[in-house]
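Heads up: the sequence shown begins at 2 in this note's numbering, then just goes up one per residue. Read the structure below first, then the notes.
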Amino acid sequence: MAAFVKAINAKIRAHPMLNYVCSTHFWGPVSNFGIPIAAVMDTQKSPELISGQMTAALCVYSATFMRYSLAVSPANYLLFACHFINEGSQLTQGYRYLNYHHWGGKEEMAKKGEVSKIDAPAESKKLGELVEKAKTELKK
């Protein structure tokens, strides 16, 4: 059985494309693409939901790893593309955050009636009541 597995592995590794698909140079960026996909999808959501600190952290992270992806040998262009897309998305989110919170976007949206109707303190109180109710039911 071990010889069979070894033979299959040798066959896969002999083909350059299959060898690449079976490597961490491929699967690392593929699994990491969830972050930029989520960031691109978040550009359609309300700017009041954007975390400025997280956006800044992801900008630094993507810029750092764009550089890293080209510094390794061989250069990992798929990882570079992943972080390039994420950097662009995070910069877009950063602009939306600054526009909404610091450059008058909140006031403009309020004039248009587009600001969220969520009352955070009331929602928090309701959540607290539900948690307390669940705790009392668990004690029974």
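We treat Cβ as the ideally placed atom computed from N, Cα and C, and that holds for glycine.
Distance, Cα to Cα, Tyr96 vs Gly29? 29 Å
Could you have a look at Gln45 and say whether DSSP puts it in helix, strand or coil? coil
Proximity to Gln45 [Cα-Cα], best of Asn77, Tyr98, Val6 and Met55: Per the Cα distances, Tyr98.
According to DSSP, is Ile36 helix, strand or coil? In the displayed model, Ile36 falls within a helix according to three-state DSSP.
Taking 8 Å as the limit between beta carbons, can you name the residues of its chain near Tyr101, skipping five residues before and five after? Taken in chain order, the residues that qualify are Pro48, Glu49, Ile51, Lys107 and Met110.
For the alpha helix (DSSP H) holding Leu1, just list the boundary residues, first then last. With the chain covering only 2 through 141, there is no way to say anything about residue 1.
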